[in-house]
Amino acid sequence: MHIVVCIKQVPDSTHIRVHPVTNTIMRQGVPAIINPYDLFAIEEALRLKDRLGCTVTVITMGPPQAEPALRKALSLGCDDAVLVTDKIFSGADTLATSYVLASAIRMLHKETPVDIVFTGKQTIDGDTAQVGPGIAKRLDMELLTYVSRISQVDLATRRIIVERRAEGGVQVLETRLPALITMLEGSNELRFASTPNMFRAARATVRLWDRTSAGIEDIKLVGLKGSPTVVSRVFGPTPRAEKAKQIPFDPAAPDAAAAALLEQILAESPRVQEELAHRRQPGVRD
Ligand SMILES: Cc1cc2nc3c(=O)[nH]c(=O)nc-3n(C[C@H](O)[C@H](O)[C@H](O)COP(=O)(O)OP(=O)(O)OC[C@H]3O[C@@H](n4cnc5c(N)ncnc54)[C@H](O)[C@@H]3O)c2cc1C
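Under this note's numbering, think of the first position of the sequence shown as 25, with each following residue one higher.
Written out as structure tokens, the structure is:
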């Protein structure tokens, strides 16, 4: 079995600031990290590798500086890494990004047939959650979004069963392989890199693919030229009106203080009351 995990290197959002005059994101000096949601996708792929003994290839489309993200994935246990990088890819929106990634995955499929493609649920910078579904559509793969758990993969019948978090509950879905899965955050516990894998990752060759190696057939569909999205305005969220409250607390009676606080929250938030009532219904899972 061959699994491909798509990861994106993103600016660490805890360091991001918006320029007060131009309203553009100030990226200078901001450290880059693997998109946090993609770490859950890597972990889930590695768990399948542990269970079923498959090969995991990690891929990103980005500038040459994205290489450390791939080495980090190798240090966690991925087997192969591909950096799809070419000047003509810059300025890509989600349509152009999914075109390039789908073309590259097709090339990987020619080397070793691909059974599952993982992406994160969304990125923390672009935030659209469109790239995964875009790749699935282009590759004509079954699409499973917002997956919180992979319950079963049967290689003999080529079926997969997953749990998908939906509003107010969990859906159990079964479909055939090959499939593309967008992975939810918090769905698994992330592993640490082992020392042997860290040495292996430092020595490994990250494959660099340009437009030719990535199998791009139409260069009008990549980069800025292939991106119909126009960003008309960027703005920060309006600060909330509510202010933090200081609540008197008697350390001698913590239970009474907690009960009073809970009562106050419920009185002020009918939405929380509705949610609690909904969760108390039989058959509703958190
Ligand atoms: C006009 C325009 C120009 C842009 N120019 C640039 C630019 O020059 N440089 C730039 O960095 N961004 C640029 N962007 C942003 C870029 O288009 C998006 O970040 C990118 O298309 C992915 O969309 P997203 O971040 O919303 O991903 P989502 O759809 O939220 O991502 C979902 C998942 O898809 C996978 N994924 C997403 N992107 C990649 C990737 N590149 N490689 C591998 N897997 C991926 C990840 O697993 C991710 O968790 C531009 C956007 C627009 C609209």
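Beta carbons are placed, not taken as given, at the ideal position from N, Cα and C, and that holds for glycine. As the structure is a prediction and not an experimental result, all values here were calculated from the model.
Scanning Ala126, Lys32, Arg182 for the CA closest to the CA of aspartate 139 turns up Arg182.
Counting every other CB atom within 10 Å of its CB across the protein chains shown gives threonine 262 a total below 16, marking it as exposed.
Taking non-hydrogen atoms of ligand 1 into account, the C-beta of cysteine 102 is found less than 8 Å away from none of them. Under the three-state reduction of DSSP, valine 138 is assigned to coil, being neither helix nor strand. Leucine 72 sits away from alanine 90, with the two beta carbons spaced by 9 Å or more. Between methionine 85 and leucine 125, the CB-CB gap stays under 9 Å. When DSSP assignments are scanned along the stretch 185-237, the uninterrupted stretches of alpha helix (DSSP H) that are 4 or more residues long and fall wholly within it turn out to be 219-227. In the displayed model, alanine 284 falls within a helix according to three-state DSSP.
Contact between isoleucine 31 and aspartate 74 does not hold, since their C-beta atoms are separated by about 19 Å, which reaches or exceeds 8 Å. For glutamine 154, the shortest separation between its Cβ and any heavy atom of ligand 1 lies below 8 Å. A straight-line Cα-Cα distance of about 43 Å links threonine 136 and arginine 257. Residue side-chain check: isoleucine 205 keeps its Cβ at 8 Å or more from all non-hydrogen atoms of ligand 1.
Arginine 183 carries a strand assignment under DSSP once its states are collapsed to helix, strand and coil. Separation of glycine 77 and serine 293 (C-alpha to C-alpha, rounded to the nearest whole angstrom) is 49 Å.
The residue among Val254, Ala282, Arg173 with its C-alpha nearest the C-alpha of glutamate 187 is Arg173.
Remark: the shortest separation between the CB of methionine 85 and any heavy atom of ligand 1 falls under 8 Å. The beta-carbon separation of isoleucine 129 and isoleucine 243, rounded to 18 Å, does not stay under the 8 Å limit for a contact. Linking lysine 96 to aspartate 279 through their CA atoms gives a straight-line distance of about 45 Å. Taking C-alpha positions only, valine 171 is separated from valine 296 by approximately 25 Å. One alpha carbon belongs to glutamine 270, the other to leucine 214, and they sit about 36 Å apart. Taking C-beta atoms as the reference points, glycine 250 and serine 127 fail to come closer than 9 Å.
Per DSSP, the unbroken alpha helix (DSSP H) holding proline 294 starts and ends at 294-304. By the Cβ-count criterion, isoleucine 159 is buried, with 16 or more other Cβ atoms from all chains shown falling within 10 Å of its own Cβ. The beta-carbon separation of leucine 132 and glycine 101, rounded to 18 Å, does not stay under the 8 Å limit for a contact.
With a cut-off of 8 Å, the C-beta of valine 255 is classified as near ligand 1, since at least one heavy atom of the ligand falls inside that distance. For serine 114, the distance from the CB to the nearest heavy atom of ligand 1 is below 8 Å.
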